[in-house]
Amino acid sequence: MCDTFVALPPFTSDGSVIFGKNSDREPNEAQVLEHHPAAEHPKGRRLRCTYRSIPQVRRTLGTLLCRPFWMWGAEIGANERGVVIGNEAVFTRLPRPREERLTGMDLLRLALERSASAQAALQTIVGLLADHGQGGPCGYTDKSLTYHNSYLIADPREAWVLETAGQMWAAARVYGRYAISNCLTIGEVFDEAHPQLVETARRRGWLKPGQIFNFARCYTDWFYSTFNAGRKRRGRAEQLLAARRPARGSGPGLAVADAMAILRDHGEGEPYQPDAHLLMSHLCAHSANGLARHAAQSTASLVAHLGEQGNLYWATGTSAPCTGVFKPIWLEGRVLPALGTAPGPRYNPRSLWWRHEALHRRILQSFPAHIGVLSAEQAALEEELRREAAAVPRRGRFALTARAFTRAGEAEARWLAAIPE
């Protein structure tokens, strides 16, 4: 389960496009933060995705990915042209096949590798959906978990929301701001759609004679879409985005710091207790009961800042953004410093992701008491990194990225030492 949002001019503070996503997966489902450079491929080569092989294209774009360690596809990512995508699990009335097809995460990564704009990424996804379909187990340990997917796709000029149900789909261009979660959001108004979208709903009895077609109403599976609390989380994201709306065009608008705060949001009412609610109802998610909050841990977070002055990405590379640090990354030249051993299924102190888990899980033992150990220094460090990122010359960008990861690691080690076991 996940949450994704985007804001466009005039709703941003500097006329940029700002995108954010928390990837919510199982608590031990470590994610890899990785860069793949652009590449040329021989004619006729096949590409192995998570479950299925498909024809490879001749050239793929450079990508920055947040990827669950066991799958080929990615939960969040960006490419060298400034396209950024986040996907969401959605539950619809069409069958969710266990047959091993392309997963929603495969489709996301393929779109980033093959698309130079948000509109092109949309067309890449629906084309692959038509050719290969979507399906297969999407859970790490829960192999019964299958779902369809929605996507928020942005570039420095525009953004689109694409929602799918099997091979059916609808897409709408975003104006202003938009948030998606684990529920269908497109209703009566959309810009593009599968040619059989309306007829399929009519034939299955979901669209009654005389009714106006509404995609979400016709295709939503009520049970799963209700108990994953996606509508509540989406409503909270929309509330927080609206709070940063410029007042008559003269207000501050959404800034990168605000996007980070949204991804860290635990709702209203303090102090927050991660074990005090049944459903996955918070944007910054912490796994708890196995009934409703197993695949409910924010295991990776990304904020994208897209504009005419260049594209800058802020990634934690770790779980639980409330306990981590967003670091600046540019998709040019050298992209990422050495981040240690790639994470796997078990704790490894040489892994960036697992090393941070020691801090995160110690904080969870008494969240209200322990989160205060880091909050002031975390905020000050990120503010300093944002100032430096805004001023650094191009030749100094990679050095700043490397320094940010080093400083974040040192800070997290101090915070861990300051919290009693």
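Count along the sequence shown from 1, add 16, and you get the number used in our numbering. Cβ atoms here follow ideal geometry from the backbone N, Cα and C, with glycine treated the same way.
Taking 8 Å as the cut-off, the Cβ atoms of residue 260 and residue 269 count as close. Your pair residue 99 and residue 131 checks out as a contact, with CB atoms roughly 6 Å apart and the cut at 8 Å.
DSSP lists 180 as the bridge partner or partners of residue 185. The Cβ neighbour count for residue 72, taken over all protein chains shown within 10 Å, is at least 16; the residue is labelled buried. The stretch 118 to 127 and the stretch 137 to 145 touch, with three or more beta-carbon pairs separated by less than 8 Å.
Counting the other Cβ atoms within 10 Å of the Cβ of residue 274 gives 16 or more, which makes it buried. Cβ-Cβ distances below 6 Å link residue 199 to 241, 246, 247 in the same chain, with the five nearest sequence neighbours on each side left out; the list follows chain order. Annotated three-state conformation of residue 221 is coil, per DSSP. Under a 10 Å Cβ-count criterion, residue 141 is classified as buried, with 16 or more other Cβ atoms of the shown protein chains found around its own Cβ. With a beta-carbon spacing of about 15 Å, residue 23 and residue 318 fall beyond the 8 Å limit used to define contacts. When rounded, the separation of the alpha-carbon atoms in residue 343 and residue 58 is 35 Å. Judged by DSSP secondary structure, residue 50 falls within the beta strand (DSSP E) whose first and last residues are 47 to 52.
Secondary structure note for residue 242: its alpha helix (DSSP H) is the uninterrupted segment 238 to 243. Judged by DSSP in its simplified three-state form, residue 35 adopts strand. For residue 19, the uninterrupted beta strand (DSSP E) run begins and ends at 18 to 23, by DSSP.
When secondary structure is reduced to three states using DSSP, residue 100 falls in the strand class. The way I'd put it, the stretch 224 to 241 does touch the stretch 103 to 111; three or more beta-carbon pairs between them come closer than 8 Å. Secondary structure at residue 40: strand, using DSSP grouped into helix, strand and coil. Beta-carbon to beta-carbon, residue 82 and residue 420 are separated by about 17 Å, too far to satisfy the 8 Å threshold. Pairing residue 26 with residue 360, the inter-Cα distance amounts to about 42 Å.
The beta-bridge partner set that DSSP reports for residue 335 is empty. For residue 319, the secondary structure class from DSSP, reduced to helix, strand or coil, is strand.
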